[in-house]
Each structure stands twice: as structure tokens, then as C-alpha cells.
Amino acid sequence: MGSRYGGLKQLDPMGPGGETILDYSVFDAIRAGFDRVVFVIRRDFEREFRERIVARFDRHMDVALAFQAIDALPAGFGVPPGREKPWGTTHAILCGREAVAAPFAAINADDFYGHEAFAVLGRRLADSPADSTAYCMVGFTLANTLSEHGSVARGVCRTDARGFLTDIRELKQITRTADGVENVADGMVEKLTGQEPVSMNMWGFTPRIFPQLETSFREFLTAHAAEPKSECYIPLTVGDLVKSGQATCEVLPTASRWFGVTYVEDRPIVQASIAKLVAAGAYPARLWG
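Just so it is clear: in the sequence shown, position 286 is 727 by my numbering, and no numbers are missing.
Below you can see the structure in the form of C-alpha cells.
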């Protein structure tokens with residue numbers, strides 16, 4: 442919904458040819474071997490999305506739409522009075538289950554992940570059996586994912602010696618300060634090094650994740666549905682699956698530099714960053730010819 446950005450940033454042009462960040466993600470995914478894309482969107486901008494986005498991609502790969510509706514809930518649950526927000530990223534992925542039948546990546550539409558990140562994830566998923574619960578995520582360095590214009594939310598990860606996720610915490614008020622990086626929660630300040638691996642919601646799953654997500658989402662609704670702004674975040678869901686022994690999650694390192702548009706002031710920075718990549722030959726000036 443772009444509450445901090447002030448609009449539909451997923452459709453905002455960022456590249457020299459008017460490309461959105463989403464264009465670059467699809468372009469990089471194709472180069473990494475992905476052959477289908479499922480967009481999870483709100484029903485109320487389906488027409489605009491089909492005209493402005495889907496029409497560009499359907500000549501290059503298979504395209505499907507799935508809809509995240511606030512009333513798309515498991516049996517036995519209803520929308521509580523006053524609820525307006527979507528239910529979060531766990532619910533968004535769950536809403537795409539009917540359109541997915543193979544190992545898949547799940548990403549944010551408004552984050553620029555980079556070609557190398559997609560290549561790493563594509564290689565890992567190519568070797569994943571469809572019935573496996575061995576999942577993965579691309580890990581980025583916290584300091585390289587901050588905005589200069591306000592706080593950000595990040596899933597901060599802990600890993601074991603093999604590089605597998607052991608715990609993930611969703612910190613919601615991370616800022617860069619004069620002497621480092623910190624998170625503020627309930628009036629308490631937590632100092633961070635900035636070198637922590639973080640989830641930027643670039644995940645690798647198999648279809649086995651869907652029944653697990655439904656169970657987790659049911660538990661979330663039971664505990665938090667009455668809270669009007671509560672959301673079920675996929676980093677926390679995966680963290681719970683790992684801690685309970687229901688899944689593993691390998692954290693894949695990448696040299697790619699992430700950037701995104703949390704705030705409208707981030708837009709010129711993103712545009713300049715993409716322009717530099719185009720000038721360096723990493724992307725054509727016009728992605729789709």
C-alpha cells in the first residue's frame with residue numbers, strides 16, 4: 442500500500458526507459474532461469490496492473506495473478522471490525538498457492554536485489570526437490586540496506602557455522618546514527634554493528650511451505666486477529682519453522698547490493714543507482730527492447 446512512500450511505488454518508473462524496480466526483478470529472474478512469475482496484488486488495481494505491468498512480461502515468460510484479499514482467510518475466521526490493513530507477507534505468499542507447483546522464489550516487488558542474487562537463488566532452487574522442506578534465503582548486510590530518510594524494518598538473522606538460519610528477529614525501527622546503527626523498540630535502544638545478515642524477503646521455497654504457512658497463519662489469527670494493525674511476517678514464520686524443526690533455511694551470501702524505496706526521498710537515489718548499473722553495462726538502457 443506504500444503508506445510511508447505515499448503511493449503505489451511498485452508502479453513508479455525508476456529506470457532510464459521508464460522501468461519499474463519490478464521490471465529489473467523479472468529481467469534478472471529470466472536471466473537466472475526462472476520461467477514463470479506470479480504477482481500477488483490487490484484486486485482493486487488489477488486493471489491498471491495488467492495494462493502497465495503484465496502486458497510487458499507475457500511475451501517473455503508465463504504470467505499469473507493471485508489476489509491478496511483481506512477476507513481470504515482460513516475456514517473459521519472472519520475479518521474483525523475495523524480491520525483495513527492486509528495481513529502481511531506470510532498471507533501474501535499463501536494467497537499464491539494455487540498458482541505455484543514447483544520450487545519458487547518469493548520477493549518484494551519494490552526491492553532491487555541485483556542479478557547476482559537471483560543467480561545464486563536460481564542455482565540453489567534448481568537442485569531442490571519439490572517435496573523438500575530445505576528452504577533458503579538470500580542474506581544481505583544490514584548496513585547496506587538502510588535508508589538515509591527514516592527508519593526501516595528488517596529481519597535480522599543469526600546463523601550457525603554452516604550458514605543455516607537459527608533465529609530471525611523482525612526489528613521495525615532501525616536507523617543509521619552518527620556512531621553506528623540502532624533499533625528502537627518500546628523506548629529501548631538496541632545497538633547493532635551493521636554487519637548483521639538480514640532478510641530482504643528474497644526467499645527460496647518449495648510447495649511444501651504452503652500447508653506450513655496455513656498452520657502458522659491460523660496460529661497468528663488466533664492470537665492477533667483482533668489487533669487492527671498486526672501483520673504475519675514471513676521472516677518470523679520461517680524463523681518459527683526452523684526453531685521447531687519443521688524446516689531448514691540456508692542463508693545464501695551475495696555480493697549484490699540491495700536498494701529500495703521505503704520513502705519517496707529514496708527515489709532519486711534508486712534512479713541514480715540504476716543509471717550507474719546501466720552505464721556499467723549490467724543492464725540495457727531499455728530492458729524490453
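Heads up, the beta-carbon is just placed ideally off N, CA and C, and yes, glycines get one too. Computed from a predicted model, the values in this text were never measured in an experiment.
Contact set for N624: own chain, Cβ-Cβ below 6 Å, skip 5 residues either direction: For the purposes of this step, residue 624 is taken as the residue at position 183 of the sequence shown. The residues are L612, Q614, I615, E631.
Give a single yes or no on whether L566 has its beta carbon closer than 6 Å to a heavy atom of the ligand SAH. Only the bare structure without any ligand can be found here, which leaves the ligand SAH out of the picture.
Tell me whether the beta-carbon of T530 lies closer than 7 Å to the beta-carbon of I650. Locating residue 530 in the sequence shown gives position 89, where the first residue counts as 1. Locating residue 650 in the sequence shown gives position 209, where the first residue counts as 1. No, they are not a contact pair.
Tell me where the beta strand (DSSP E) around F646 begins and ends. In the sequence shown, counting from the first residue as 1, residue 646 sits at position 205. Per DSSP, F646 belongs to the beta strand (DSSP E) from 638-646.
Span separating the alpha-carbon of G456 from that of N549: Within the sequence shown, the letter at position 15 stands for residue 456. Within the sequence shown, the letter at position 108 stands for residue 549. If I take the Cα positions, the gap works out to 18 Å.
Which first and last residues belong to the beta strand (DSSP E) in which E691 is found? Numbered from its first residue, the sequence shown carries residue 691 at position 250. Here the beta strand (DSSP E) through E691 covers 689-694.
Among M641, A666, H501, whose alpha-carbon lies nearest the alpha-carbon of R524? Looking up residue 524 in the sequence shown gives position 83. Comparing Cα-Cα distances from R524 to each of M641, A666, H501, the minimum goes to A666.
Using DSSP with H/G/I as helix, E/B as strand and the rest coil, what is N624? Position 183 of the sequence shown, counting from 1, holds the residue named residue 624. Reduced to three states, the DSSP call for N624 is strand.
Q653 to A720 span [Cα, whole Å]: Translated into positions along the sequence shown, residue 653 becomes position 212. Translated into positions along the sequence shown, residue 720 becomes position 279. Approximately 44 Å, taken between the alpha carbons.
Pick helix, strand or coil for T749, following the three-state DSSP scheme. Residue 749 cannot be examined here, being either before or after the span of the chain that is shown, 442 to 730.
Touch check for the segment 549-559 and the segment 452-466: three-plus C-beta pairs under 8 Å? Of all C-beta pairs linking the segment 549-559 to the segment 452-466, three or more are shorter than 8 Å, placing the two stretches in contact.
How many Å lie between R483 and Q509 at the Cα? Numbered from its first residue, the sequence shown carries residue 483 at position 42. Numbered from its first residue, the sequence shown carries residue 509 at position 68. Straight across, the Cα-Cα distance linking R483 with Q509 is about 6 Å.
Just reading off the beta strand (DSSP E) that F480 is part of, what are its end residues? Locating residue 480 in the sequence shown gives position 39, where the first residue counts as 1. Segment 477-482, the beta strand (DSSP E) holding F480.
Boundaries of the beta strand (DSSP E) in which K717 is found, first to last residue: Taking the first residue of the sequence shown as 1, we reach residue 717 at position 276. Under the DSSP assignment, K717 falls outside any beta strand (DSSP E), being part of the alpha helix (DSSP H) whose first and last residues are 708-720.
Skipping 5 residues on each side, what residues in its chain have a beta carbon closer than 7 Å to that of H590? Numbered from 1 along the sequence shown, position 149 holds the residue referred to as residue 590. Taken in chain order, the residues that qualify are Y704, E706, D707.
Which partner residues of Y576 appear in the DSSP bridge assignment? Residue mapping note: residue 576 aligns to position 135 of the sequence shown, counting from 1. Paired residues: C690.
What are the boundary residues of the beta strand (DSSP E) that includes I471? Within the sequence shown, residue 471 is the residue found at index 30, counting from 1. In the DSSP assignment, I471 falls outside any beta strand (DSSP E) and within the unbroken alpha helix (DSSP H) covering 462-472.
Backbone CA spacing between F498 and R488 [nearest angstrom]: The count along the sequence shown starts at 1 and reaches residue 498 at position 57. The count along the sequence shown starts at 1 and reaches residue 488 at position 47. Cα to Cα, the separation comes out at about 15 Å.
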